[in-house]
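Below: one structure, written as structure tokens.
In the working numbering, the protein residues as written are 16 to 1253.
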């Protein structure tokens, strides 16, 4: 308006057009005096069609004041840019089926009275939309579906502004079976982004039946936003604010105004928060047993209650836990590569699971009272770090192969801590604090970094120490030292008894040496095996009864110049002296070195090194290197300790372990197995342990040799080396794997294991890796609950192999399934770097998981892909025999190599592939036909069909639907169109050109359609001999590309064609839309026009598509582009280009089949085929459908070989480089070499 008068209106009806497009805007204030309450009374403001915009700060109108709703129909929109609109009073709200937009103004629906409601409710049409970019929306009650139906669809978009829900007081006006905000059902959308804030003041009544925040939208976008539960107006004890969201929230803040008793709860399903979770003073979040995943920080100044749920921190970025509140954490999981930093002490009452990344405790304590699974890292700078403080035995474990890292670890559990599986590795970088309880590492490795220490919070003792395990495999305790280290170190170790080892480095002249290295200690609670040799000095008594029933293994790596006294403490209970003429005072110290000891000599010292008063044995080192340290250390009567350890070597024929004929030189007593000796199994031999309790000092199994444990037990092999095999044979439900030191044998340069026999038993228990693994015999062999790495080959030959705990299996070379069954698991990872070969057995894939093969070959037997997950193949896939089952459900084969991959074999019928993905920029080549049953995904690269058939079954899809210039089927693609009216786009191409085509509106269902693209002129087809259109309105037919399309019957269909950057269409949209679909008519040898329309949205000169306006009769047709506009030039078609050297010049000849918009040719010459110069110009014929011949004479040719090419230029300046020919010219001679090189 132009005056200062405020318009005084009675009623206002907005009825502009028939949708929301047309608008009316109030840019100044006005008064609206009509009725706003009463059942069935027409409101002062009525929206029928169009958009009403309120755009003045002084506007303040009532939409409804009671007894009836204000309605926004589907064709209307209310927009508040400035000013205020109000809804208040009893029994009233907004019925929304159209649009509500707030971009600066305010919609105030607050009545402040307990019995009033003032809701927004929406129906199921899918038209209801709320858009807030700035301004304010205050909802007195709920934003909900209609109360009469569970259907309801809302499109909610908030990018800014503030939305406050539940501002009315009291509980009476709320509907308990509707949320405060609920966005559910197909077609719904929830977008909360930018700086927008969404605040909930109240829960939905005193006894809610559904969650107050109920989100299960069809589409969502929740970035950069905050949802707030509670404000200063929230009444006390609102403790039933429930959250049920299928989508991740961004930031969630609970009780920012510290209202007493405010509690939010998870409901129905787990919740993910992508941003920060803030629990403010007096606020509570209760997990109610449902998992809570945080991808940001936890700031807790209130209370977090788990109710037996899992709190998951999952992010690749930094996260933190802070605040002065309390946490009742049941289970705690850390995933993602990021670091989670503690700014307070926390306690985990059940399982702590650190899968990925790092937890940094800083100066705080991470207290645990349950078990800990650590596959990643926990770091600490000071304080107590990771605390084992339970009242029952706690377990420490890894899920996978590798080493876990810990900073500071405190053991304060009188019932102890146990590493639950053998063969794991843990490193402590800062400190181990032993306060109370035994840290039982079993057969795993506990390693200490170069600056790490062990602190005796309470004195070391039998109840406060590190315990190892010598009954099977013992990796011991390792300490890394920096060069020239001179501080003492105590290994507080023992087995049932406290038997520490002290490294004296602080005495004068003592040092770890000149290089950084490490020492490993492994105590053994038994006499040294060398004592139990065939000869007893104390006959008829036994030597083993006159030595210490305990010894220590000390291993050194990279130590040079070691000067120290090493003291080992024993317990009196291990001292035996059966000869009455001797006692402990007769004990001497002894050792046997592992390396550089060809005679297996035992070094014997004196009684002076054994102090029976302090129960210590001391060994002195003066500048020794690793080989002079690594060995076994023990004590006993000198006469009971042998001078050398006897060695038994197999003869080359093998045999029983207790047979003299098995060994060179035989046994002292035939029928009595070697004991306390060295056993060498020669290459090609098999030694069968046919008796129990064979105890050796050292065992070497040479390449090709086999040591077989055949239904016997109680063996100890000592230190096991070599590259042969250990074969375990059992006909029962268990095996007794021989004890031994397998550190070298089980690494990737060691030997292999063959689990055999008819029994069904567990395999690879405690073995994280082995060089070669064979599963043979029969029965069922079940993988233990630990991941394994096979450094070379994994062979299944006979039994069923099960993976019931879904452990990961890594094979660094090949897998062979010759007979039997390999059940890979359900949701684990199988990685085979080489080829998976199925040549007689059965491979059963997973229900989920992500596997990787170097290649796959199926020659006999059965390969079942599975019902889910993916198998990524980096090389070729070959199917030459047997059965290939390409999966069900979501199971997928992914070809993702780095060089071209071949698909060899016939993958059709029962051998079809369920889902196939190409993710290889070098592409894949079919050497046999392939049927895809459900989906073909072209992520990267081409799939080349050659002369084979690539068939998509009727339900199969392809992604991307049109393909791209680097993702298409290079060759013919076939598709079953099951129903009348079906459509499909074929993303095909050839010769480096992409040219997708579509078949639409088929008139017969159940036929197979074939589409193939050709990047040449259609005259290459025998039936086609010209480019003449039947209709003279067509100004040109392309001569550079065409499609061959057919069906398996005689259907009709509309055909869609595409163009690309080389199709040479007009740069102007209206001219491009004169393109036509042209079909070769063999009867009259011309091209019929089938029209052109339905051009793709946003088409450009370099890419687009269109549809024929007429149905085309099939079975096979040759189809290409035509145009009814001269400005769609379509390419010039070059028939040939040759050169000939004469005596004084070079003559160039060429011809075109047709031309469009052809201005001229530039003739170019080069002496190196890289840098070209223009030597002449020949004008073209503009537009032509007949052959035109051209020539050019180079009157000054260069001696030797020259390269000539043509650059064709259009009237609009567009150009194209055509083929190159090489001509050899020698002055004075003709008929020189002319070679076409492109």
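Beta carbons: idealized from backbone N, C-alpha and C, even for Gly. These numbers come from a predicted model, not from an experiment.
Cβ neighbour criterion (16 or more within 10 Å) applied to residue i
{"i": "residue 613", "result": "exposed"}
{"i": "residue 1084", "result": "exposed"}
{"i": "residue 434", "result": "buried"}
{"i": "residue 1212", "result": "buried"}
{"i": "residue 460", "result": "buried"}
{"i": "residue 1194", "result": "exposed"}
{"i": "residue 409", "result": "buried"}
{"i": "residue 786", "result": "buried"}
{"i": "residue 418", "result": "exposed"}
{"i": "residue 1276", "result": "The requested residue 1276 is not part of the displayed model; the chain covers only 16 to 1253."}
{"i": "residue 395", "result": "buried"}
{"i": "residue 1097", "result": "exposed"}
Between the CA atoms of residue j and residue i - distance to the nearest angstrom
{"i": "residue 169", "j": "residue 177", "result": "18 Å"}
{"i": "residue 187", "j": "residue 219", "result": "10 Å"}
{"i": "residue 28", "j": "residue 148", "result": "26 Å"}
{"i": "residue 375", "j": "residue 904", "result": "42 Å"}
{"i": "residue 371", "j": "residue 330", "result": "9 Å"}
{"i": "residue 1254", "j": "residue 642", "result": "The question about residue 1254 has no answer, for the chain in this structure spans 16 to 1253."}
{"i": "residue 99", "j": "residue 974", "result": "49 Å"}
{"i": "residue 1038", "j": "residue 1060", "result": "15 Å"}
{"i": "residue 653", "j": "residue 822", "result": "50 Å"}
{"i": "residue 766", "j": "residue 913", "result": "32 Å"}
{"i": "residue 1088", "j": "residue 1108", "result": "7 Å"}
{"i": "residue 502", "j": "residue 465", "result": "12 Å"}
{"i": "residue 519", "j": "residue 563", "result": "23 Å"}
CB contact below 7 Å: residue i versus chain C
{"i": "residue 755", "result": "The structure shown contains no chain C; it holds only a single protein chain."}
Beta-bridge pairing of residue i - partner residues as DSSP gives them
{"i": "residue 1137", "result": "1052, 1091"}
{"i": "residue 1061", "result": "1025, 1131"}
{"i": "residue 649", "result": "605"}
{"i": "residue 643", "result": "For residue 643, which the question treats as bridged, DSSP gives no partner whatsoever."}
{"i": "residue 23", "result": "46"}
{"i": "residue 1117", "result": "Paired residues: none, contrary to the question."}
{"i": "residue 990", "result": "967, 1024"}
{"i": "residue 1044", "result": "1102"}
Neighbourhood of residue i by C-beta distance below 6 Å, restricted to the same chain and skipping five residues each side
{"i": "residue 512", "result": "586"}
{"i": "residue 575", "result": "528, 529, 530, 640"}
{"i": "residue 609", "result": "645, 646"}
{"i": "residue 633", "result": "580, 582, 624"}
{"i": "residue 1111", "result": "1119, 1120"}
{"i": "residue 347", "result": "326, 363, 367"}
{"i": "residue 878", "result": "853, 858, 899"}
Residues near residue i in its chain [Cβ-Cβ closer than 7 Å; skip 5 each side]
{"i": "residue 209", "result": "174, 175, 239, 240"}
{"i": "residue 14", "result": "Coverage of the chain is limited to positions 16 through 1253, which leaves residue 14 absent and any answer about it impossible."}
{"i": "residue 260", "result": "228, 230, 286"}
{"i": "residue 1242", "result": "1214"}
{"i": "residue 75", "result": "98, 99"}
Nearest-angstrom Cβ-Cβ length linking residue i and residue j, presumed shorter than 8 Å
{"i": "residue 1287", "j": "residue 1000", "result": "In this structure the chain extends from 16 to 1253, so residue 1287 is not present and cannot be described."}
{"i": "residue 1276", "j": "residue 262", "result": "Look at the range of the chain in this structure, 16 to 1253, and you will see that residue 1276 is not part of it."}
{"i": "residue 833", "j": "residue 854", "result": "6 Å"}
{"i": "residue 1133", "j": "residue 1074", "result": "Actually they do not touch by this definition, with Cβ atoms about 17 Å apart."}
{"i": "residue 814", "j": "residue 835", "result": "5 Å"}
Close Cβ partners of residue i (< 8 Å) along its chain, the five nearest in sequence each way excluded
{"i": "residue 412", "result": "386, 387, 388, 389, 434, 435, 436, 439"}
{"i": "residue 1", "result": "Outside the shown range of the chain, which is 16 to 1253, sits residue 1, and nothing can be said about it."}
{"i": "residue 222", "result": "191, 255"}
{"i": "residue 278", "result": "253, 254, 255, 256, 298, 299, 300, 301"}
Any non-hydrogen atom of the ligand COA within 6 Å of residue i CB
{"i": "residue 905", "result": "As far as ligands go, the structure on display features none, and thus does not contain the ligand COA."}
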